[in-house]
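Residue numbers (our numbering): 120 to 449.
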C-alpha cells in the first residue's frame, strides 16, 4: 500500500513455502539471525518515516494527487526493474517459475490498483488532517481487518484469542482518537476515517491476493502490482491536474524521491530478504516498532504531541495486533 509494503511481504510469506519454518529458525547461524533482524527493523523504521515525509511535503502546499504521483514516478523504475529482472521473472518458490496466466495478470493488476493505488490515495488524503503517528497507528490495524474479512469470505473461524485481540486493538485506537478529538485539525475525524479506509482497502488486497501469490510468487506479484499502481497514480494526475501543477519548490521533489526510495522500495526489498533469512514470526515481531517509530519521528521532526494517553492507546493497539500477527504466523 500505500504503503504498507512490509505487510504484503509478510502476509504473502504465510501462504508460500519461501520462508523457513520454526524448526529451521532455531538452527539459524547467529550472523544470519542478526542480519535478518536488522533488515526487518530497518524496513519497519524506513516505512514508518513515510507519513512524516508526507506531512513535511504538505507544508509546501502540494496537493495529494500531485504528491502521490511524484512518489510513484520515482518508485516506478525500481518496480519495472523488479518485474523485468530475470531473477524475479523466473522466481523461486511456489508458483514463481510458471508463466503468468492472463487471469492471474488481470487479478494482479486489479489488486494492485486496490491495495497500492486506492489505499495509498486514502492514506495521503487522510494525512492532511491527522498526525503522522495517528496515521501509522490506524494503518497498523490491517491484520485485524484481515482476520474479519477472512472469516466473512474465506470461512476462517475467529477464536477467543482473536476476539480478545480485536477488542484490545480497537480499545487502544479509541483511546488515541479520544485524546486527539478537539486538539488537532477540525477535520480530524474525516482524516482518521480516510486512513482507516486505506487500511481496509489494503486488507481487501491481502485477502484477495492469497491464491494469486501462491501461483506466481510473492516478489513477482509485488513488482507487477506496484507497477500497475504507479501507472494509475500517474494517469490520475494527467487527468485531474495541469502540467503547471509540477511547478513546485525543489524540496517537494527531494521529499518525494526520499519517500519513493527510502520509504517504499527499500522496505519491500529489506522485508523480503528478512523473511527469507528469519521467517515471518520474527519479522512480525519487529513490525511492532512501526507505530512507535512513527510517533517518535512525528514528535522529533514535526513537534506532534505525544502524551501518556497516546502512548497507552498505541501500546494497547500494538499488543492486540501482535497477538493476532504472531498467532497466525505460528
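We treat Cβ as the ideally placed atom computed from N, Cα and C, and that holds for glycine.
Please list, in chain order, all residues of the same chain as residue 164 whose beta carbon is under 7 Å from its beta carbon, the five residues on each side excluded.
408, 412
If you count every other CB in all the chains shown that lies within 10 Å of the CB of residue 363, and 16 or more means buried, which is it?
exposed
Assign residue 132 to one of two classes, buried (16 or more other C-beta atoms within 10 Å of its C-beta) or exposed (fewer than that).
Only weak support is given to the placement of residue 132: the predicted model assigns it a pLDDT of 47, under 50, and the value that follows is read from those uncertain coordinates. Counting Cβ neighbours within 10 Å, residue 132 comes out buried, since at least 16 surround it.
My guess is that residue 311 and residue 245 are in contact by the Cβ rule of under 8 Å, so how many angstroms apart are they, rounded?
7 Å
According to DSSP, is residue 250 helix, strand or coil?
coil
Could you check the C-alpha separation between residue 338 and residue 391 for me, to the nearest Å?
8 Å
For residue 264 and residue 318, which I take to be in contact (beta-carbon distance under 8 Å), what is that distance rounded to the nearest angstrom?
6 Å
Burial state of residue 272, where buried means 16 or more other Cβ atoms lie within 10 Å:
exposed
Select from 341, 257, 350 the residue whose C-alpha is nearest the C-alpha of residue 434.
257
Look at the alpha carbon of residue 380 and the alpha carbon of residue 172, and state the distance between them as a whole number of angstroms.
12 Å
Quick one: what does DSSP say residue 242 is sitting in, helix, strand or coil?
helix
Would you kindly work out how many angstroms separate the C-alpha atoms of residue 229 and residue 237, rounded to a whole number?
11 Å
Residue 443 to residue 427 span [Cα, whole Å]:
25 Å
Whole angstroms are fine: how far does the CA of residue 261 sit from the CA of residue 170?
16 Å
Contact set for residue 158: own chain, Cβ-Cβ below 8 Å, skip 5 residues either direction:
389, 390, 392, 393, 396
Quick check: the Cα distance between residue 348 and residue 235, rounded to an integer number of angstroms?
6 Å
Candidates 162, 179, 233: which alpha carbon is nearest residue 325's?
233
Over the uninterrupted alpha helix (DSSP H) stretch that includes residue 382, give me the two end residues.
That residue, residue 382, is in no alpha helix (DSSP H); it is neither H nor E in DSSP.
Output the distance between the C-alpha atoms of residue 167 and residue 297, rounded to the nearest integer angstrom.
23 Å
CA-CA distance, residue 452 and residue 410?
No information on residue 452 is available, as it lies outside the stretch 120 to 449 that the chain covers here.
Buried or exposed for residue 214, going by 16 or more other Cβ atoms inside 10 Å?
Since pLDDT at residue 214 reaches only 45, below the 50 mark, its modelled position is unreliable, and the value read off the structure follows with that caveat. Burial call: buried.
Less than 8 Å between the beta carbons of residue 423 and residue 417, yes or no?
yes
Those runs of the beta strand (DSSP E) which lie wholly inside the segment 388–422 and span at least 3 residues:
none
Is residue 431 helix, strand or coil when you go by DSSP?
helix
Residues of its chain near residue 371, where Cβ-Cβ distance is below 8 Å and the 5 sequence neighbours each way are ignored:
176, 179, 181, 186, 189
Residue 316 (DSSP reduced to helix, strand or coil)
helix
Let me know the secondary structure DSSP gives residue 275 once reduced to three states.
coil
Short check: CB of residue 414 to CB of residue 425, under 8 Å?
yes
Cutting at 6 Å between CB atoms, please list the residues of its own chain near residue 155, excluding the five before and the five after it.
393, 396, 397
Quick one: give me the first and last residue of the alpha helix (DSSP H) that residue 343 is part of.
337–359
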